[in-house]
Every structure is written in C-alpha cells, then in structure tokens.
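Single-structure report; data block below.
In the numbering used here, the protein residues as written are 6 to 75.
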C-alpha cells in the first residue's frame, strides 16, 4: 500500500528507528496491543505542506483503504 502513495511521507515504523520496522514508543506507552501497533502508519508533514497536499493525501489513503477492504 505504501508504494502506491505518491508524494506522501509515510512509514510503517517509528521515526527514531529508520531502516527497520519497529513499534513506536508512543504506541507502547499508550499500551496499544502489538498486533494493532504493527498495522499503523506514520504520516509526516512539514512547514511547506499545503492544504491541497493534505487533501490529496487523504484521498489517496482513502482509495488505498478501499482497495484493501475489497
């Protein structure tokens, strides 16, 4: 799914563990079950991110989700 998202900074792992996939320490602190934490995405934005880019990202994520459900 991540490969289908164009122009979006997305990761399946924690930001501080680049290069490997690990569960976010924030999710661990929140006591999110491992099986759920492994299914999360981290989406990053920056100062230059526009509303249009966010809207595009939301549409792409919704489309990818729809594909996964079917």
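We put the beta carbon where it would ideally sit given N, CA and C, even for glycine.
- Relative to the Cα of residue 70, the nearest Cα in the group 12, 29, 38, 46 belongs to 46.
- If you check the CB distance, residue 48 and residue 15 come in under 9 angstroms.
- The three-state secondary structure of residue 37, taken from DSSP, is coil.
- Residue 30 has its alpha-carbon roughly 22 angstroms from the corresponding atom of residue 51.
- Burial is judged here by how many other beta carbons sit within 10 angstroms of a residue's own beta carbon; residue 67 has fewer than 16 and is exposed.
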